[in-house]
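Numbering (the numbering used here), first residue to last: 537 to 648.
So the structure is just underneath, and the comments pick up after that.
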């Protein structure tokens, strides 16, 4: 209505140096759709939209992360990745617990 998305588009197009990254946040999905429509016209602007598929518009939906990776994260790969993340999480938790145990009663002398 007031031209906010158009203003954002023109600022990005005119002022942001090539190769820079920009984060645009919107509180409403209509604004996400409007920005996606405008930025889709720029050739050199890779765009990634985060949000629920059923709540963003058609233009924004094309730029959702899962739309871009498509079949690269099928269910078999997701389960393998999930297991790896879980294993690494356990190792990290054990390492943190070990570091905490070594630090109990220490006033920082070991780290200076």
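Glycine included, each C-beta is placed from N, C-alpha and C at the ideal position.
Reducing DSSP to helix, strand and coil, say where residue i ends up.
i: residue 631; result: helix
i: residue 600; result: strand
i: residue 585; result: strand
i: residue 639; result: helix
i: residue 555; result: coil
i: residue 590; result: coil
Under 8 Å by Cβ, that's how I've got residue i and residue j pegged, so tell me the actual separation to the nearest angstrom.
i: residue 552; j: residue 560; result: Residue 552 to residue 560, Cβ: 11 Å. No contact.
Measuring alpha carbon to alpha carbon, tell me which residue in the options is nearest residue i.
i: residue 584; options: 574, 601, 575 and 568; result: 601
i: residue 595; options: 620, 621, 567 and 622; result: 567
i: residue 549; options: 587, 589, 586 and 578; result: 578
i: residue 546; options: 574, 586 and 538; result: 574
Hey, could you find the ends of the alpha helix (DSSP H) residue i is sitting in?
i: residue 575; result: 565–575
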